[in-house]
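Step one of this worksheet: look at the structure below.
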Amino acid sequence: MNIPMVDVAVLGAGVSGVCAAVQAARLGLKVALIEKNGLPGGSATMAGISCPGIFHAWGKQVISGIGWQLVEACRRLENRPLPDLTRENEGHWYYQIEVSPVLFAALMDQALNDAAVELHYHTMPAALHAEDDDWRITLCTKDGLSELRARIVIDCTGDANAAHLAGYELCTPEECQPGTLSVYADGYDPNALDFDAIETAFDDAVARGELSSEDTGWSGAFNRHFLYCHGNNSNHICNINAFDSAGRTRIEIAGRESILRVYRFLKRQPGLEHLVFHLGGCECGVRETRTIVGMTTVTVKDYVTGRAWEDALCHAFYPIDLHDKAGKLDYRKLEHGVVPEVPRGALIPRNSHRFLVAGRILSSDRLANSALRVQAVCMATGQAAGAVAAAAVRNQCEPLATDLAEVRTVLVENGAIVPRFKLK
Ligand SMILES: Cc1cc2nc3c(=O)[nH]c(=O)nc-3n(C[C@H](O)[C@H](O)[C@H](O)COP(=O)(O)OP(=O)(O)OC[C@H]3O[C@@H](n4cnc5c(N)ncnc54)[C@H](O)[C@@H]3O)c2cc1C
6 MNIPMVDVAV LGAGVSGVCA AVQAARLGLK VALIEKNGLP GGSATMAGIS
56 CPGIFHAWGK QVISGIGWQL VEACRRLENR PLPDLTRENE GHWYYQIEVS
106 PVLFAALMDQ ALNDAAVELH YHTMPAALHA EDDDWRITLC TKDGLSELRA
156 RIVIDCTGDA NAAHLAGYEL CTPEECQPGT LSVYADGYDP NALDFDAIET
206 AFDDAVARGE LSSEDTGWSG AFNRHFLYCH GNNSNHICNI NAFDSAGRTR
256 IEIAGRESIL RVYRFLKRQP GLEHLVFHLG GCECGVRETR TIVGMTTVTV
306 KDYVTGRAWE DALCHAFYPI DLHDKAGKLD YRKLEHGVVP EVPRGALIPR
356 NSHRFLVAGR ILSSDRLANS ALRVQAVCMA TGQAAGAVAA AAVRNQCEPL
406 ATDLAEVRTV LVENGAIVPR FKLK
C-alpha cells in the first residue's frame with residue numbers, strides 16, 4: 006500500500022497547532038494539520054474564548070510572530086484599532102485582544118492555505134506507531150480509517166492526545182481546574198434590573214439546590230457581570246476530566262445543564278422575561294488537562310522569577326491564575342520587570358523520538374501551567390515547535406539536537422521575538 010507521506014503532522018488546530026503548521030510549511034516542509042472539528046482556533050473559536058493575550062509586558066511587546074500577525078489582521082479587518090498596549094499596570098484583561106471568532110477562524114484558514122498546509126478537518130488519530138525513521142498515523146476519517154506517514158509529529162491537541170497514543174509519560178492532575186461554557190445574553194436592559202433582588206433570589210435558589218453557586222461565576226454569589234456584560238465566560242463546570250471522550254461528553258452535558266438552570270432561573274426575574282441566550286462556545290472551554298513530562302519542566306519558581314533558559318525559544322506573560330472548584334482563585338501578578346521564558350526542552354517529551362508538543366500541554370507544573378496556558382504563549386510555542394520540527398527534518402536529527410542558533414534565526418526572520426536573541 007502506498008501511504009501518503011508528509012514531513013510534519015500537526016495534530017490539533019487550536020492556536021498553537023495553526024502557528025506550528027504555518028511556520029513549518031513556510032519553511033518549505035510538507036505539513037498536514039489534523040483537526041477533529043471543522044474549524045481552526047480550538048478554544049479561541051470553538052469555546053468562544055476569542056480574547057488572545059498577552060503579547061505585551063511592562064510597556065513593550067514580548068510575543069510576536071504568526072499568532073500576533075493573525076490577531077492584528079483580524080482587528081484591521083474589523084476596523085477596530087488596538088488599545089495602547091504599551092501602557093503599563095492595567096489589569097491583565099486590558100492586554101487581551103478581542104477578535105471576532107468567525108473572522109479569526111477564516112483568517113487562520115487563509116494563512117494555512119497560503120502556506121500550503123494540507124488540511125484534514127473532521128479527522129482524528131486512532132493510533133500512532135513509530136516505524137524506522139517515520140511515524141505511521143492511523144486516522145479516523147468520514148470515509149473510514151486511513152494511514153499517513155510523517156517524519157515528525159507535533160501534538161497541539163490541548164490534552165496531549167497524540168503523546169498519549171504514542172505512549173509517552175504524561176502528568177495528570179488529581180483534579181483539573183473547572184471548565185467554562187460561554188454564552189451570550191440579550192433581550193434586556195441591564196440598567197433596568199434590580200440586582201439586589203436577583204442576588205437574593207439566586208441565593209435562595211442555590212439553597213434549594215435548584216442552582217449551583219458557580220452557575221454564573223466563581224465567587225459563590227450571583228455574578229452581576231454576567232448580566233452587565235451580556236454573558237460571556239462566567240460559569241465553573243467542576244470535577245472534569247477533559248482528555249478522553251467519556252470525560253469530554255460529561256463536561257459538555259454538565260456545561261449545557263448549567264446554562265439551562267441559569268436561563269430558567271433568570272427568565273423568572275423581573276426585567277428578564279425576554280432574555281435570549283446566544284451561542285458563545287460550541288464546546289466547553291477547558292483550562293487544564295494533561296501536560297507532557299518533558300526534557301525540562303517549567304516550575305512556578307522558574308516562571309515567577311523569569312528564569313533565563315539556555316534553550317529559550319519564546320517569552321510568556323500572564324499572572325498565575327489557578328481556579329479551583331470552591332470558587333477560589335490563586336491569582337498572583339508577576340513582579341515588575343519579570344518576563345518568563347519557555348525553553349525548547351518543555352516542548353519535547355522525555356524519551357521521545359521525532360516528537361514535539363506546543364500549547365497548553367507543554368511540560369510545566371500546575372501553577373506555572375495556569376499562566377502558560379494562555380493563547381499568546383500557545384501561539385509562540387506553536388511557532389517555535391514548527392521551527393524546531395523544520396530544523397529537525399532538514400538536518401535529519403532529533404528535535405533536541407537541533408541547532409538553537411538556526412531555529413532562533415528562523416523564528417526572528419518570521420516575526421517572532423526570541424528572548425535575548427537578535428539577528429546579526
Ligand atoms: C474559560 C476560559 C477563559 C480563558 N480566557 C483566556 C483569555 O481571555 N485569553 C487567553 O489568551 N487565553 C484564555 N484562556 C486559555 C486559552 O484559551 C487556551 O488555553 C488556549 O487557547 C489553548 O490553546 P491550544 O492550542 O493549546 O489548545 P486548544 O485551543 O484546546 O486546541 C486544541 C485543538 O486540538 C483539537 N483536538 C483535540 N484532540 C484532538 C484529536 N485527538 N485529533 C484532532 N484534533 C484534536 C481540538 O479540537 C482543538 O481544535 C481561557 C481558557 C478558558 C477555559
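Just add 5 to wherever you are in the sequence shown, counting from 1, and you've got my numbering. Cβ coordinates follow ideal geometry from the N, Cα and C atoms, glycine included. Values in this document were obtained by computation on a predicted structure and should not be read as measured data.
Member of the options whose CA lies at the smallest distance from the CA of residue i
i           : options               : result
residue 345 : 359, 361, 355 and 324 : 324
residue 370 : 145, 296, 315 and 254 : 296
residue 55  : 106, 396, 169 and 76  : 106
residue 97  : 81, 111 and 58        : 58
residue 315 : 350, 373 and 287      : 350
residue 166 : 246, 413 and 380      : 246
residue 300 : 132, 361 and 426      : 361
residue 403 : 320, 393 and 178      : 393
residue 183 : 263, 304 and 171      : 263
residue 100 : 129, 120 and 68       : 68
residue 372 : 308, 321 and 391      : 308
residue 294 : 365, 352, 257 and 92  : 365
residue 6   : 122, 13 and 141       : 141
residue 191 : 379, 216, 234 and 200 : 234
residue 195 : 229, 92, 207 and 180  : 229
residue 12  : 391, 421, 89 and 90   : 391
residue 237 : 221, 306, 317 and 215 : 221
residue 85  : 102, 91 and 406       : 102
residue 329 : 242, 289, 298 and 405 : 242
residue 14  : 259, 144 and 92       : 144
residue 113 : 227, 429 and 384      : 384
Span separating the alpha-carbon of residue i from that of residue j
i           : j           : result
residue 355 : residue 173 : 8 Å
residue 251 : residue 73  : 35 Å
residue 117 : residue 255 : 32 Å
residue 389 : residue 273 : 51 Å
residue 189 : residue 284 : 6 Å
residue 42  : residue 126 : 6 Å
residue 339 : residue 382 : 15 Å
residue 202 : residue 211 : 14 Å
residue 94  : residue 153 : 49 Å
residue 155 : residue 198 : 58 Å
residue 249 : residue 46  : 20 Å
residue 76  : residue 213 : 45 Å
residue 305 : residue 337 : 11 Å
residue 353 : residue 215 : 46 Å
residue 187 : residue 168 : 28 Å
residue 208 : residue 278 : 20 Å
residue 120 : residue 34  : 10 Å
residue 176 : residue 374 : 12 Å
residue 416 : residue 409 : 10 Å
residue 333 : residue 200 : 23 Å
residue 289 : residue 205 : 28 Å
residue 261 : residue 310 : 40 Å
residue 193 : residue 280 : 6 Å
Limits of the beta strand (DSSP E) - the one that residue i falls within
i           : result
residue 360 : 360-362
residue 347 : 346-348
residue 126 : Element bounds for residue 126: n/a, residue is neither H nor E.
residue 6   : Element bounds for residue 6: n/a, residue is neither H nor E.
residue 291 : Taken as a continuous stretch (DSSP letters only), residue 291 belongs to no beta strand (DSSP E), as it is neither H nor E.
residue 337 : 334-337
residue 188 : 188-191
residue 327 : 325-328
residue 318 : 317-320
Element boundaries [alpha helix (DSSP H), containing residue i]
i           : result
residue 107 : 106-119
residue 307 : 305-310
Segments of 3+ residues assigned as beta strand (DSSP E) that fall wholly inside the segment 22-103: 36-39
If you scan the segment 364-409 from start to end, which runs of the alpha helix (DSSP H) of 4 or more residues do you find wholly inside it? 371-377 and 380-399
Quick check on the DSSP output: what are the complete beta strand (DSSP E) runs of length 3 or more inside the segment 135-181, in order along the chain? 139-146 and 149-160
May I ask you to verify whether the segment 18-38 touches the segment 258-271, counting CB pairs closer than 8 Å and requiring at least 3? At 8 Å Cβ cutoff, the stretches do not touch.
Which complete beta strand (DSSP E) runs does the segment 210-289 hold, if anything under 3 residues is left out? 281-284
Using 8 Å as the cut-off, can you tell me whether the segment 159-166 makes contact with the segment 17-35, which would need three or more C-beta pairs spanning the two stretches below that distance? In short, these stretches touch, since the Cβ pair count reaches three.
Decide yes or no for the touch test of the segment 58-72 against the segment 139-148: beta carbon pairs closer than 8 Å, at least 3 of them. No, because fewer than three Cβ pairs between the segment 58-72 and the segment 139-148 fall closer than 8 Å, the two stretches do not touch.
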